[in-house]
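J.: The following block contains the structure, expressed as structure tokens.
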């Protein structure tokens, strides 16, 4: 297992290749969303977003350009939680050794929120996510977005 780094538009991100690590020093949690007007609100979902700082900064750029909060249903997971999910359903969840949620480099975007977007907003959302460094590795998981690496 080796610690890999990757430079992104928003800074360096880290991944433990072949292993699981959920305690990088650059992980941040966002409990608030800043509207384009500057007003700060609690995020719409009960769950806050926890990611490596460059990934969180990239998501904030998407939100600023869209003019609305990106509603996320999942972000960072502990290695233990990822192992438990994988054990219960290995077809749906990645093993902890490759899962980017436990590297704090993946989010799950609420599909109901995405369905509420106009066609133009949806196209802009996808374009912006890709421009800032997010990717979708699996067509059968339209909610899952990875930052820096693909799973």
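Numbering (the working numbering), first residue to last: 404 to 554. Cβ coordinates follow ideal geometry from the N, Cα and C atoms, glycine included.
#1: Excluding five sequence neighbours on each side, which residues of the same chain lie with their C-beta closer than 6 Å to the C-beta of residue 413?
#2: Thinking C-beta only, is residue 464 closer than 9 Å to residue 512?
#3: Measure from the alpha carbon of residue 435 to the alpha carbon of each residue in 485, 404 and 471, then state which is nearest.
#4: Identify which residue in 404, 455 and 426 has its Cα closest to the Cα of residue 410.
#5: Could you check whether the region 422-430 touches the region 495-510, counting it as contact only if at least three pairs of C-beta atoms, one from each stretch, sit closer than 8 Å?
#6: Candidates 466, 503, 430 and 537: which alpha carbon is nearest residue 524's?
#7: If I measure Cβ to Cβ from residue 520 and keep anything under 8 Å in the same chain, skipping five residues before and after, which residues do I get?
#8: Who are the near neighbours of residue 553 in its chain, counting only those whose CB is closer than 6 Å to its CB and skipping five residues on each side?
#9: Could I get the ranges of all uninterrupted beta strand (DSSP E) runs contained in the region 450-491, with 3 residues as the minimum, in chain order?
#10: Between the C-alpha atoms of residue 506 and residue 484, what's the straight-line distance to the nearest angstrom?
#11: Is it buried or exposed, residue 453, if we count other Cβ atoms within 10 angstroms and call 16 or more buried?
#12: With burial defined as no fewer than 16 other Cβ atoms inside 10 Å of the residue's Cβ, what is the status of residue 551: buried or exposed?
#13: By Cβ distance below 6 Å, which residues in the same chain neighbour residue 407 in space, the five residues on each side in sequence not counted?
#14: Pull up the distance between the alpha-carbon of residue 546 and that of residue 531, whole angstroms please.
#15: Quick check on the burial criterion: 16 or more other C-beta atoms within 10 angstroms. Buried or exposed for residue 535?
#16: With 16 other CB atoms within 10 Å as the buried threshold, where does residue 416 fall?
T.: Taking the geometry as given:
#1: 457, 460 and 461
#2: In terms of Cβ geometry, residue 512 and residue 464 do not form a close pair [threshold 9 Å].
#3: 471
#4: 455
#5: Taking a cut-off of 8 Å for Cβ pairs, the region 422-430 and the region 495-510 touch, as three or more such pairs fall below it.
#6: 466
#7: If you ignore the 5 residues before and after residue 520, its C-beta comes within less than 8 Å of the C-beta of 528, all in its own chain and listed in chain order.
#8: 538 and 540
#9: 452-455 and 475-477
#10: Distance between the alpha carbons of residue 506 and residue 484: 12 Å.
#11: Here residue 453 is buried, its C-beta having at least 16 other C-beta atoms within 10 Å.
#12: buried
#13: So the qualifying residues of the chain are 418 and 420.
#14: Straight-line Cα distance between these residues: approximately 15 Å.
#15: Buried is the call here.
#16: buried
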